[in-house]
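Participant:
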Amino acid sequence: MIKRKNLWILGLLFLAVALYYFFLNPYQQTDFFLSCSFYKVTGYQCPGCGSQRAFHEILHFHFLEAFKQNALFVLGIPYVLLIFYTNFNKEKHQKLRSFLIGNKTLFILLIICILFGVFRNL
81 MIKRKNLWIL GLLFLAVALY YFFLNPYQQT DFFLSCSFYK VTGYQCPGCG SQRAFHEILH
141 FHFLEAFKQN ALFVLGIPYV LLIFYTNFNK EKHQKLRSFL IGNKTLFILL IICILFGVFR
201 NL
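Going by my numbering, the sequence shown opens with residue 81, and the numbers climb by one from there.
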């Protein structure tokens, strides 16, 4: 029963965020979106820069433009969805879940994020 309630809350929260990003354009209405402090201070894009614009583009089915905005965000979506799936089916996919959120995997993801942040600013 608790799982079903959590799933509904998560679904409604995602729907609210998706509607916000669908109807408001981060390219034009910058006052309604978070700005990157790292970019403001350094002038370099962090690994997350462009994620809001990429999410907006995905919601409008502009996948190539979303990939141009932030490739790491687009490529990370299946990974995050797989984590959510294994979270709601812990008994069935315990090994996969422990691999996806294990220390080694998270360390590798951290290295990927750092390298992405460096190479996108070259």
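Yeah, the Cβ is synthetic: ideal placement off N, Cα and C, and Gly gets one too.
Only counting runs of 4 or more residues, tell me where the alpha helix (DSSP H) segments fall wholly within the segment 114-173, in order along the chain.
Facilitator: The segment 114-173 contains these whole alpha helix (DSSP H) runs: 117-122, 131-139, 143-149, 151-168.
Participant: State buried or exposed for Q132, treating a residue as buried only when at least 16 other CB atoms are found within 10 Å of its CB.
Facilitator: Your numbering for residue 132 matches position 52 in the sequence shown. Classification for Q132: buried.
Participant: What separation, rounded to the nearest whole angstrom, lies between the Cα atoms of P127 and F168?
Facilitator: Looking up residue 127 in the sequence shown gives position 47. Looking up residue 168 in the sequence shown gives position 88. So the two alpha carbons sit approximately 28 Å from each other.
Participant: Taking Q149 and N201 to be in contact with their CB atoms under 8 Å, please state how far apart those CB atoms are, rounded to whole angstroms.
Facilitator: The residue given as residue 149 occupies position 69 in the sequence shown. The residue given as residue 201 occupies position 121 in the sequence shown. Not confirmed; about 15 Å, so no contact.
Participant: Measuring CB to CB, does E137 end up less than 8 Å from A146?
Facilitator: In the sequence shown, the residue the question calls residue 137 occupies position 57. In the sequence shown, the residue the question calls residue 146 occupies position 66. Yes, the pair counts as a contact, with Cβ atoms nearer than the cut-off.
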